[in-house]
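Chemist:
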Amino acid sequence: MMIKWKRLPGVVLLLPALCSCATDAQRNARAMRAEVISVVRDGVSCALAANASPDLVPLWHHIPRPPAAPSLDQLGDASYATPTDIQLIKIWHDRITPCRERAIQSLSGIDGRMSNVISDITITGDQIELGLAQGRLTWGEANRQIQTNRVSAQRQMLSVINQINGEFIEQDAAERDRRAEVMSEIGQGLAAAAQAAATVAVTAEAIQEERRASRPVVTTCNQILFNTTCVSQ
34 MMIKWKRLPG
44 VVLLLPALCS
54 CATDAQRNAR
64 AMRAEVISVV
74 RDGVSCALAA
84 NASPDLVPLW
94 HHIPRPPAAP
104 SLDQLGDASY
114 ATPTDIQLIK
124 IWHDRITPCR
134 ERAIQSLSGI
144 DGRMSNVISD
154 ITITGDQIEL
164 GLAQGRLTWG
174 EANRQIQTNR
184 VSAQRQMLSV
194 INQINGEFIE
204 QDAAERDRRA
214 EVMSEIGQGL
224 AAAAQAAATV
234 AVTAEAIQEE
244 RRASRPVVTT
254 CNQILFNTTC
264 VSQ
């Protein structure tokens with residue numbers, strides 16, 4: 034006897050979707066990645082425009098134009114900022130600050146831990162600029178602190194990214210476990226439905242057989258000349 038699967042619930046069609054589609058964690062991770070890339074691109078574009086002004090060229094003799102690393106001469110520069118240098122630092126600060134603030138605001142809407150890293154590096158950078166303006170730091174000392182600040186920020190950001198990745202991995206695993214449970218329940222339901230369909234089919238066939246066995250036999254005979262033909266029903 035053949036079981037007519039087309040009569041089973043339509044949840045059969047749900048199994049491939051549960052097995053193959055991306056989890057919410059995967060979709061959220063991809064969406065976050067796209068948002069972060071957009072923020073980074075915007076921040077880089079903003080900073081490049083701010084640093085490209087010709088009037089800031091004298092400043093890059095003392096500190097490297099971001100994102101370049103300082104030269105050995107710049108790291109060893111024992112001179113202090115002159116009043117003209119201090120004015121250039123202020124101009125550069127005013128131009129780069131909107132870029133940093135926009136990046137912090139955008140990242141805070143994605144994950145506050147990333148925006149906190151940018152806030153920390155910004156605060157430390159402002160303190161270095163203040164040290165130059167107040168004559169507490171030489172150019173060489175400022176360059177070394179800038180480098181330390183950048184490396185620290187990179188490590189912090191990498192740590193945050195690893196934390197976020199770990200959270201997405203845990204969410205993905207939990208969601209896959211939930212899907213496995215749903216698929217198991219669906220499989221059990223389908224097996225029960227198949228067994229029920231088989232039982233119904235066997236029962237219907239037995240009833241039909243019983244009816245045929247219990248029905249009285251009626252014989253009809255017809256005689257044509259010397260031939261008699263009988264049919265039993």
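Position in the sequence shown (from 1) plus 33 gives the number in this note's numbering. For each residue, glycine too, the CB sits at the ideal point set by N, CA and C.
1) If we count the other Cβ atoms within 10 Å of its Cβ and call it buried at 16 or more, is residue 210 buried or exposed?
2) Please determine if the region 123–133 and the region 57–72 are in contact, where contact requires at least 3 C-beta pairs separated by less than 8 angstroms.
3) Which residues mark the beginning and the end of the alpha helix (DSSP H) in which residue 80 is found?
4) Leaving out five residues before and five after residue 168 in sequence, what residues of the same chain have Cβ atoms less than 6 angstroms from its Cβ?
5) Which residues mark the beginning and the end of the alpha helix (DSSP H) in which residue 164 is found?
6) Classify residue 156: buried if its beta carbon has 16 or more other beta carbons within 10 angstroms, exposed otherwise.
7) Among 186, 184, 154, 135, which has the Cα closest to the Cα of residue 71?
8) Would you kindly check if the distance between the Cβ of residue 96 and the Cβ of residue 176 is under 8 angstroms?
9) Please state if the CB of residue 58 and the CB of residue 205 are separated by a distance shorter than 8 angstroms.
10) For a minimum of 3 consecutive residues, which ranges assigned as the beta strand (DSSP E) are wholly contained in the region 111–137?
11) By the three-class DSSP mapping on this structure, what secondary structure does residue 95 have?
12) With distances taken Cα to Cα, identify the nearest neighbour of residue 198 among 144, 138, 161, 180.
13) If you run the structure through DSSP and keep just helix, strand and coil, what is residue 196?
14) Looking only at its chain, what residues have a beta carbon closer than 8 angstroms to the beta carbon of residue 132, apart from the 5 residues adjacent to it on each side?
15) To the nearest angstrom, how far is it from the Cα of residue 208 to the Cα of residue 164?
16) From 56, 191, 171, 121, pick the residue whose C-alpha is nearest to that of residue 87; which is it?
Modeler: Let's see:
1) exposed
2) no
3) 57–84
4) 113
5) 145–166
6) exposed
7) 135
8) yes
9) yes
10) none
11) coil
12) 144
13) helix
14) 76, 79, 80, 83
15) 51 angstroms
16) 121
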